[in-house]
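Participant: There's a structure below that I have some questions on.
Residue numbers (the numbering used here): 6 to 291.
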């Protein structure tokens with residue numbers, strides 16, 4: 006087998022991605038829903054299924070690490086850039102909500118990882134360019150619509166976080182990150198900010214968990230509509246509330262740990278969770 010020069014490999018991948026982008030516009034305007042599909046059947050899962058999904062997610066990560074590690078550098082770089090912009094704009098109270106809100110948009114941000122796991126499962130060619138074909142699929146419009154819904158939830162979360170700040174430590178912006186941290190840890194208003202912020206964040210996280218736990222993988226796997234995918238996701242949570250809630254805790258805790266060292270941990274943790282989510286979907290949806 007001939008080994009391609011890096012420049013040649015990159016050109017091939019970019020050309021393949023370009024072909025996908027050319028057909029994305031058509032896919033966004035024409036969402037095909039297959040009316041002949043049988044109703045979505047949701048199976049209850051056990052806690053042991055979570056560990057199995059994570060093991061399979063790790064296996065997929067090892068199989069794709071050359072592709073996903075390179076691309077996942079984007080997440081910490083984007084996060085650090087955003088933190089810098091918020092800091093330089095005097096919006097320090099939004100730094101933590103923005104990072105915490107990554108859990109809310111994560112299901113959409115990981116959609117290309119689901120596709121890589123799906124293609125590997127079927128024995129198809131797998132690379133980041135192949136995974137990009139989801140954006141030209143017959144259900145691309147539905148995927149984007151659900152992604153926009155999560156983006157709206159994320160925006161609402163940021164507005165809520167800012168409202169909590171205004172009614173506790175605000176409305177005046179902190180002069181520095183150090184001063185902001187001191188105010189949080191050494192004042193009653195700061196502890197109220199933490200308490201109300203965590204409470205509000207928990208509500209948003211539960212809503213997104215119920216809406217998105219299997220909806221994006223389902224849209225990749227079958228030609229169904231957004232409402233059908235959301236309904237199946239909600240039914241999955243109702244069928245297995247304990248394991249699904251445990252999955253949400255695993256995802257949130259893993260991302261929190263990954264973000265601690267300047268977000269570098271996201272390079273590994275995020276793709277593992279993304280691939281694992283696909284395998285969890287396979288256990289949930291018949």
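Where a beta carbon is used, it is the ideal one built from N, C-alpha and C, also for glycine. Predicted, not measured: the structure shown is a model, and the values here were computed from it.
For the alpha helix (DSSP H) that contains residue 48, what are its first and last residues?
Facilitator: As a first step, residue 48 is located in the chain shown; it is residue number 43 there, counting from the start. Residue 48 -> no alpha helix (DSSP H), and no H or E assigned at all.
Participant: Taking buried to mean at least 16 other C-beta atoms within 10 Å of its own C-beta, is residue 200 buried or exposed?
Facilitator: Taking the chain shown and counting its residues from 1, one reaches residue 200 at position 195. When all chains shown are included, residue 200 counts as exposed.
Participant: Pull up the CB-CB distance for residue 99 and residue 91, whole angstroms please, since I reckon it's below 8 angstroms.
Facilitator: Position 94 of the chain shown holds residue 99. Position 86 of the chain shown holds residue 91. At roughly 5 angstroms, the Cβ-Cβ gap stays under 8 angstroms, so residue 99 and residue 91 are in contact.
Participant: Return the chain-ordered list of same chain residues with a C-beta closer than 6 angstroms to the C-beta of residue 173, the five sequence neighbours on each side being excluded.
Facilitator: The sequence position of residue 173 within the chain shown is 168, counting from 1. For residue 173, where only same-chain residues beyond five positions count, the Cβ hits under 6 angstroms are 194, 197 and 198.
Participant: Going by DSSP in three states, residue 229 sits in which element: helix, strand or coil?
Facilitator: As a working mapping, residue 229 is identified with position 224 in the chain shown. The answer is coil: DSSP assigns residue 229 none of H, G, I, E or B.
Participant: In terms of alpha-carbon separation, which member of 110, 115, 126 and 166 lies closest to residue 273?
Facilitator: Numbered from its first residue, the chain shown carries residue 273 at position 268. Answer by Cα proximity: 115.
Participant: Could you give the first and the last residue of the continuous alpha helix (DSSP H) run that contains residue 122?
Facilitator: Residue numbering aside, residue 122 sits at position 117 when the chain shown is read from its first letter. Start and end: 116-127.
Participant: Expressed to the nearest angstrom, what Euclidean distance is found between the alpha-carbon atoms of residue 68 and residue 165?
Facilitator: Along the chain shown, read from residue 1 onward, the residue named residue 68 stands at position 63. Along the chain shown, read from residue 1 onward, the residue named residue 165 stands at position 160. Taking the straight line joining both Cα atoms gives about 40 angstroms.
Participant: Go through its chain and collect everything with a Cβ distance to residue 125's Cβ below 8 angstroms, but skip five positions before and after it.
Facilitator: Translated into positions along the chain shown, residue 125 becomes position 120. Counting only Cβ-Cβ distances below 8 angstroms, and skipping sequence neighbours, we find 65, 68, 69 and 131.
Participant: Assign residue 94 to one of two classes, buried (16 or more other C-beta atoms within 10 Å of its C-beta) or exposed (fewer than that).
Facilitator: What you label residue 94 is simply residue 89 of the chain shown in a count that begins at 1. That one is exposed.
Participant: What are the boundary residues of the alpha helix (DSSP H) that residue 154 is part of?
Facilitator: What you label residue 154 is simply residue 149 of the chain shown in a count that begins at 1. Taken as a continuous stretch (DSSP letters only), the alpha helix (DSSP H) holding residue 154 covers 145-171.
Participant: What residues in its chain sit with their C-beta under 8 angstroms from that of residue 225, if we drop five residues either side in the sequence?
Facilitator: Position 220 of the chain shown, counting from 1, holds the residue named residue 225. Counting only Cβ-Cβ distances below 8 angstroms, and skipping sequence neighbours, we find 116, 119, 120, 123, 139, 142, 144 and 148.
Participant: Please state whether DSSP places residue 68 in a helix, a strand or coil.
Facilitator: Here the question's residue 68 lines up with position 63 in the chain shown. Looking at residue 68 - three-state DSSP - the assignment turns out to be helix.
Participant: So residue 271 packs on residue 80, CB below 8 angstroms; how close in whole Å?
Facilitator: For the purposes of this step, residue 271 is taken as the residue at position 266 of the chain shown. For the purposes of this step, residue 80 is taken as the residue at position 75 of the chain shown. That belief holds up - the Cβ atoms of residue 271 and residue 80 are roughly 5 angstroms apart, short of 8 angstroms.
Participant: With 16 as the cutoff for other CB atoms within 10 Å, does residue 242 come out buried or exposed?
Facilitator: Counting from one through the chain shown, the residue named residue 242 turns up at place 237. Label assigned to residue 242: buried.
Participant: Residues in its own chain within less than 7 angstroms of residue 170 by CB, not counting five upstream and five downstream?
Facilitator: For the purposes of this step, residue 170 is taken as the residue at position 165 of the chain shown. Cβ within range, chain order: 98 and 198.
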